[in-house]
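Engineer:
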Amino acid sequence: MKSPRRREQGFSLIEVLVSMLILSIGLMAVASMQINAGRSDIRSMGMTKGGALAHGKMEELIGRPYEHADLVAGAGVHPWEIREEYSLGWEVVDNTPIPNVKTVTVTVEWDRDWEGGDAGEPFPPQTYRLSYIKPAGI
Numbered sequence: 002m003k004s005p006r007r008r009e010q011g012f013s014l015i016e017v018l019v020s021m022l023i024l025s026i027g028l029m030a031v032a033s034m035q036i037n038a039g040r041s042d043i044r045s046m047g048m049t050k051g052g053a054l055a056h057g058k059m060e061e062l063i064g065r066p067y068e069h070a071d072l073v074a075g076a077g078v079h080p081w082e083i084r085e086e087y088s089l090g091w092e093v094v095d096n097t098p099i100p101n102v103k104t105v106t107v108t109v110e111w112d113r114d115w116e117g118g119d120a121g122e123p124f125p126p127q128t129y130r131l132s133y134i135k136p137a138g139i
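Each number in this note's numbering corresponds to the 1-based position in the sequence shown with 1 added.
(1) Give me the Cα-Cα distance between residue 112 and residue 55, rounded to the nearest whole angstrom.
(2) Whether or not the segment 17-27 and the segment 86-94 are in contact is what I'm after, with contact meaning three or more pairs of Cβ atoms, one per stretch, closer than 8 Å; do they touch?
(3) Let me know the secondary structure DSSP gives residue 68 once reduced to three states.
(4) Classify residue 73: buried if its beta carbon has 16 or more other beta carbons within 10 angstroms, exposed otherwise.
(5) Does DSSP put residue 134 in a helix, in a strand, or in coil?
(6) Sorted by chain position, which residues of the same chain lie with C-beta nearer than 7 Å to residue 136's C-beta, five sequence neighbours on each side aside?
(7) In terms of residue numbering, what span does the beta strand (DSSP E) encompassing residue 33 cover?
(8) May I ask which residues mark the beginning and end of the beta strand (DSSP E) holding residue 11?
(9) From the DSSP output, which residues share a beta bridge with residue 93?
This is the structure we're talking about:
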């Protein structure tokens, strides 16, 4: 007499556990990539805002006459706050690199703590610097 043939159907418990382990590792990797992408987006937004502020102020200073009060050299840095996370300032140096020109440097700095770094890992401030040489008579 032959023993009846067993029909195996479905998955064993070990197969289910292994597939769940593989799936959970994949989902954790995807979640980690999403977090890193979000941080990169925030960092890019900070750089874009900082660059836009620097270029806007530089265009404003370029449009001013050569002898304007904002373009007086030796007065040091002219800082002013945009928002609590950004500060903008500019410096004017006469006769550099050649006579009858002014070198105008606009600097925007912002604190990167709001980017959401790991706990206990402070970010150094980010700086965006832009320079322009303004000739006399313009």
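For each residue, glycine too, the CB sits at the ideal point set by N, CA and C.
Note that this is a predicted model, so its numbers are computed, not measured.
Structural biologist: This is what the structure gives:
(1) 16 Å
(2) For the pair of segments examined, the segment 86-94 was found not to touch the segment 17-27: the number of CB pairs separated by less than 8 Å stays below three.
(3) coil
(4) Around the beta carbon of residue 73, fewer than 16 other beta carbons lie within 10 angstroms, which makes this residue exposed.
(5) strand
(6) 101, 102
(7) Where residue 33 is concerned, there is no enclosing beta strand (DSSP E), although the alpha helix (DSSP H) it sits in stretches over 14-63.
(8) That residue, residue 11, is in no beta strand (DSSP E); it is neither H nor E in DSSP.
(9) 105
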